[in-house]
Amino acid sequence: MRVPFLNFDAQHQPLKSQFLKAFEDFIDSNYYVLGNKVKEFEKAYAKFHSIAYCAGVASGLDAIYLALKVLNIGKNDEVIVPSNTYIATVLAVSYVQAKPVFVEPEWITYNIDPQKIEEKITTRTKAIIPVHLYGQAANMIEIMKIANKYHLWVIEDNAQAHGALHHQQMTATFGHINATSFYPSKNLGALGDAGAITTASEHFYEQVKMYRNYGSKVRYYNEVIGYNSRLDELQAALLLIKLQHLQTWNQERNQLAQRYIQNLKNVSEIILPQTLPNNTHVYHLFVIRCVKRNELMEFLKKNEIDTLIHYPIPPHLQKAYQHLNFKKGDFPIAEQLADEMLSLPLYPGLSNEQIDYVCEKIQAFYYEK
Ligand SMILES: *Cc1c(COP(=O)(O)O)cnc(C)c1O
3 MRVPFLNFDA QHQPLKSQFL KAFEDFIDSN YYVLGNKVKE FEKAYAKFHS IAYCAGVASG
63 LDAIYLALKV LNIGKNDEVI VPSNTYIATV LAVSYVQAKP VFVEPEWITY NIDPQKIEEK
123 ITTRTKAIIP VHLYGQAANM IEIMKIANKY HLWVIEDNAQ AHGALHHQQM TATFGHINAT
183 SFYPSKNLGA LGDAGAITTA SEHFYEQVKM YRNYGSKVRY YNEVIGYNSR LDELQAALLL
243 IKLQHLQTWN QERNQLAQRY IQNLKNVSEI ILPQTLPNNT HVYHLFVIRC VKRNELMEFL
303 KKNEIDTLIH YPIPPHLQKA YQHLNFKKGD FPIAEQLADE MLSLPLYPGL SNEQIDYVCE
363 KIQAFYYEK
């Protein structure tokens, strides 16, 4: 049996005729940038979150970057980010020339540890970017308390947690401007690059719309040095179709995750993902911590099971950030996670048989040698 890490057929094949119709309508619309589909999707995505505003942009990285821009964060400012995140969170901070300040995660959720944030706050700190890693919310209640106490902005990076709940409230609605990505592999993915911000503030919403479009509100009148970072009209049309299925897909992800957990709960060499009582997990990724990670990965590969590591090198040890002068040992939790984490295949359309096969092989690796 072959188990690819990711496959879109179960999501896309049933929607293909709707996609093709959307493409035809798109051609006929004669309106190819920032048209009605972008507006429609923005409305629908905001409504899905019960938040006032959504503005589509070109990617998740741009969404974080434009949020920082609109919040006027720049040179000499510091921004708190998790020490274990996808590099995009950190790159956005670098783009505005601010300094990323890393904070270690909690062991249980792998999300930024609120108890370690205050000690990193200085007079230069302007914002916190919590990341809802793998599909479970960071502790937004505590993070917002700290942000309010020190008058900091909060930008949620919700790229991995579309539809996740935290105390019955959806992620991407706690922070001041929140960023998300619709990169194809995300829980809600476009068929290309796409991203968005969500916010309760009309002002920030208008500002992002201005910045994404050359800094102009009225055509050919430029108020700020803006960018070209617009949500593509065709991607918006496809996202609008896919958004209707997000909840169902998330439920399916959860069922598959529960099957993994059931099958693997007695394997003592593995630490399974844990969901806190006030969270729902949308399992963007199903990540286990394990002993002999690299050997397990290789063994599974030999059995035609693809796995990935999210992420093998924490940002502070990346070559791109060597100028920050961090060394191995500076963020031991992030570093240990990078050595122990392994993402198993999990996506709508993955079968129970495939999951059972993966679990069988994991048990064989630990117990049949
Ligand atoms: C995917 C991702 C991003 C970046 O999104 P792009 O659309 O690829 O730019 C940012 N942060 C996190 C946590 C992500 O997983």
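All letters in the sequence shown, in the order written, are residues 3 to 371 by my numbering. Note that CB positions come from ideal geometry on N, CA and C, so glycine has one too. Computed from a predicted model, the values in this text were never measured in an experiment.
- DSSP, read as helix, strand or coil, puts Phe-50 in helix.
- For Val-95, the CB stays at least 8 angstroms from every heavy atom of ligand 1.
- Distance from the CA of Glu-106 to the CA of Arg-221, rounded to the nearest whole angstrom, comes to 45 angstroms.
- Contact between Leu-70 and Ile-157 holds, with the beta-carbon distance rounding to 7 angstroms and staying under 8 angstroms.
- Excluding the 5 residues flanking it on each side, Gly-37 has same chain C-beta neighbours closer than 7 angstroms at Ser-31, Glu-235, in chain order.
- For Asp-358 against Asn-265, the beta-carbon gap comes to about 7 angstroms, under 8 angstroms, which counts as contact.
- Per DSSP, Ser-96 is one residue of the alpha helix (DSSP H) stretching across 89-97.
- Within the stretch 281-324, complete beta strand (DSSP E) segments of at least 3 residues are found at 288-292, given in chain order.
- When Asn-78, Ile-66, Gly-76 are compared, the shortest CA-CA separation from Ile-89 is found for Ile-66.
- For Met-343, the enclosing beta strand (DSSP E) stretches over residues 343-346.
- Scanning the stretch 138-194 from its first residue to its last, the whole beta strand (DSSP E) runs of 3-plus residues come out as 180-183.
- In terms of Cβ geometry, His-134 and Ala-163 form a close pair [threshold 9 angstroms].
- Of Ala-196, Gly-197, Glu-225, the smallest CA-CA separation from Gln-209 is found for Glu-225.
- In this structure the stretch 177-197 does not touch the stretch 292-306; the number of beta carbon pairs closer than 8 angstroms is below three.
- By alpha-carbon distance to Pro-334, the top candidate from Tyr-55, Arg-4, Ser-52, Pro-84 is Pro-84.
- The C-beta distance from Ala-100 to Glu-121 rounds to 19 angstroms, too long to meet the 8 angstroms contact threshold.
- Setting aside the 5 residues that flank it on each side, Gly-177 is surrounded in the same chain by Val-156, Ile-157, Glu-158, each with a C-beta closer than 7 angstroms to its C-beta; the list follows chain order.
- Secondary structure note for Ser-218: it is in no alpha helix (DSSP H), and the uninterrupted beta strand (DSSP E) holding it is 218-220.
- Contact annotation: Thr-200 and Asn-160 have beta-carbon atoms nearer than 9 angstroms.
- Shortest gap from the CB of Phe-184 to any heavy atom of ligand 1: under 8 angstroms.
- With distances taken between CA atoms, Lys-49 lies nearest to Gly-165 out of Arg-291, Gly-165, His-312.
- Taking Lys-77 as reference, the option from Ser-52, Val-98, Gly-62 with the minimal CA-CA separation is Val-98.
- When the alpha-carbon of Asp-341 is set against those of Ser-19, Tyr-223, Ile-290, the nearest one is in Ile-290.
- Residue range 55-59 is occupied by the beta strand (DSSP E) that includes Gly-58.
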